[in-house]
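Heads up: the protein sequence lines correspond to chains A and B, in order. Going by the working numbering, 96 is the number at position 25 of the first sequence; the sequence numbering is gapless. Going by the working numbering, 877 is the number at position 130 of the second sequence; the sequence numbering is gapless. See below for the structure under consideration.
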Amino acid sequence: MASYRTQVRIIADVLSTARDMNIEGNGVGVTMLLRKGNMSYSRMSKLLSELVGSGLILELSGDKISKYMISDKGIQFLEAYYQFEDFAQSFGLRL
Amino acid sequence: MAQPANLEVIGDVLQFIGVFVSFSIAYVAYRGVRQTQSSSLTRLATAFVFLGLGFAVEGVVGLGQVIPSLTFSTMVVVAGLLLETMGYFFLAFSHAIDVMISKKMGVALLMFPVISLTGAQLVDVLSILSFYFVLYGVVETVYSYVRTRKPDTLLIALGLAMIGIGTFIQWLSLLYLNVDVLSLLQIITKEIGLLILFTPVLRFTVGGAKLDGIV
């Protein structure tokens with residue numbers, strides 16, 4: 072059964088994509104984030120600007136398109152997220 | 748065979764262990780709220796704050812039976828039970844909201860006891876409600892285990908089941924007022940349940956996450 076994702080889950084999904092798909096070390100494009108994040112372009116743009124603003128993700132400006140890379144703060148957030156997700160799941164709850 | 752006064756002391760010590768365990772779980776959940784702003788963890792933290800406060804009040808009332816100079820009115824006893832029941836309500840409520848988000852029907856089940864238990868005495872009602880809420884929590888946690896197959900979830904379901912048995916014995920102890928052992932037994936059963944609930948907290952502390960202020 073499909074289930075709703077909470078906002079924090081969506082953030083964690085975007086951050087984990089930015090971390091895992093950054094294989095060459097020069098960031099991940101919006102297309103890849105959209106594909107893995109499963110959301111509309113306008114919603115992703117808004118979320119990315121919020122994540123950049125809060126320092127969880129870094130924007131690498133290229134000639135034509137921007138690429139995104141997870142920051143150290145973002146990695147710390149993800150670690151915390153997975154720990155608390157594990158804690159919530161122990162009680163049978165979703166984060 | 749332990750004397751009733753000794754049973755009261757043992758029961759009281761166990762109540763205060765319950766206070767510590769409840770507030771520890773609430774603290775970890777609260778840290779989670781600060782980090783992730785999760786509403787599930789907010790409800791979990793609220794549940795264990797209420798449980799901790801309830802156990803604290805019941806523990807202080809229990810001191811009154813050990814130290815004769817301390818006397819408390821029945822309303823204080825009711826207040827303790829009410830806080831505890833509120834804690835169990837928020838535990839069940841966490842699951843009910845989770846169920847609603849998953850588009851399942853669970854809220855109707857949660858509303859049932861309010862309709863069916865009017866007219867009984869207040870303390871009895873609170874005990875029965877506590878039992879009902881914990882039972883609901885057990886069922887939902889077992890459902891979660893079936894979904895995630897996470898051993899910790901099954902352990903928490905077991906802990907909640909022990910607390911449920913404890914609340915049921917608590918209700919029995921109200922019916923059979925002269926049986927002191929029942930009163931101690933309900934506290935012991937609840938404490939075992941609470942200590943089982945403490946397991947994820949222990950692992951969390953060992954993990955040593957110092958992650959405040961990221962979000």
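Note that CB positions come from ideal geometry on N, CA and C, so glycine has one too. Just so we're clear, the structure is a prediction, and the values are computed from it rather than from any experiment.
Spatially closest choice to residue i from the options, by CA coordinates
i	options	result
T936/B	R894/B, P947/B, F878/B and S786/B	F878/B
L810/B	V760/B, F945/B and V768/B	V760/B
L828/B	V928/B, V889/B, V885/B and V808/B	V808/B
L944/B	S111/A, Q160/A and I136/A	Q160/A
S920/B	L929/B, G913/B and V796/B	L929/B
G801/B	S841/B, F767/B, N753/B and E755/B	F767/B
E713/B	S769/B, L932/B and S816/B	Residue numbering for chain B in the displayed model covers 748 to 962; residue 713/B lies beyond these limits and cannot be assessed.
R114/A	I81/A, F162/A and Y153/A	I81/A
D871/B	I916/B, Q784/B, F837/B and S771/B	I916/B
L869/B	T946/B, G758/B, A826/B and F797/B	A826/B
9 Å Cβ cut-off: residues of chain B touching residue i
i	result
L166/A	G779, T783, S785, S787 and L788
A89/A	Those do not exist, as A89/A stays about 16 Å from chain B at its closest Cβ, beyond 9 Å.
Chain A contact residues for residue i, given Cβ-Cβ distances below 7 Å
i	result
P947/B	F158 and S161
I903/B	S161, F162 and G163
T895/B	Q160
D759/B	Within 7 Å Cβ-Cβ: nothing; D759/B doesn't reach chain A, min ~28 Å.
T832/B	Within chain A, no residue comes near T832/B; the closest Cβ sits about 19 Å away, beyond 7 Å.
CB contact below 8 Å: residue i versus chain A
i	result
L958/B	Note that L958/B scores 38 on pLDDT, short of 50, meaning its location in the model is unreliable; the coordinates nonetheless yield the value given after this. For L958/B, the answer is yes, since a Cβ of chain A falls inside 8 Å of its Cβ.
V775/B	yes
E938/B	no
G853/B	In this prediction, G853/B scores a pLDDT of 49, lower than 50, which makes its location untrustworthy; the coordinate-derived value is nonetheless stated afterwards. By this cut-off, G853/B is not an interface position.
L873/B	no
F797/B	no
F951/B	yes
L922/B	no
T914/B	no
T793/B	no
T821/B	no
D927/B	no
Range covered by the beta strand (DSSP E) that runs through residue i
i	result
L129/A	I128 to S132
Alpha helix (DSSP H) segment containing residue i, residue limits
i	result
K144/A	D143 to S161
G913/B	P898 to L922
I943/B	D927 to L944
I875/B	L869 to T895
F802/B	S786 to V813
L118/A	Y112 to G124
R80/A	Q78 to D91
R106/A	V101 to G108
Residue burial classification, residue i (beta-carbon count within 10 angstroms, cutoff 16)
i	result
F158/A	buried
Q78/A	exposed
L788/B	buried
A867/B	Because the pLDDT at A867/B is just 48, under 50, the model does not fix this residue reliably, and the point stays unresolved.
L949/B	exposed
V813/B	exposed
E121/A	exposed
T900/B	buried
T888/B	buried
R165/A	buried
A151/A	buried
V881/B	buried
P898/B	exposed
M822/B	exposed
R106/A	exposed
G124/A	exposed
L922/B	exposed
S891/B	buried
Y112/A	exposed
S137/A	exposed
I94/A	exposed
Within chain B, partners of residue i - CB distance below 8 Å
i	result
Y139/A	What Y139/A touches in chain B: nothing, since even the nearest Cβ is about 18 Å away.
Y152/A	Q782 and T783
Test: residue i CB closer than 8 Å to a CB of chain B
i	result
V85/A	no
V123/A	no
V79/A	yes
Where residue i meets chain A, residues with beta-carbon distance less than 8 Å
i	result
T888/B	F162 and G163
Amino acids of chain A, ordered along the chain, whose beta-carbon sits closer than 9 Å to that of residue i
i	result
F840/B	Those within 9 Å of F840/B in chain A number zero; the least Cβ separation is about 11 Å.
S891/B	Q160, F162, G163, L164 and R165
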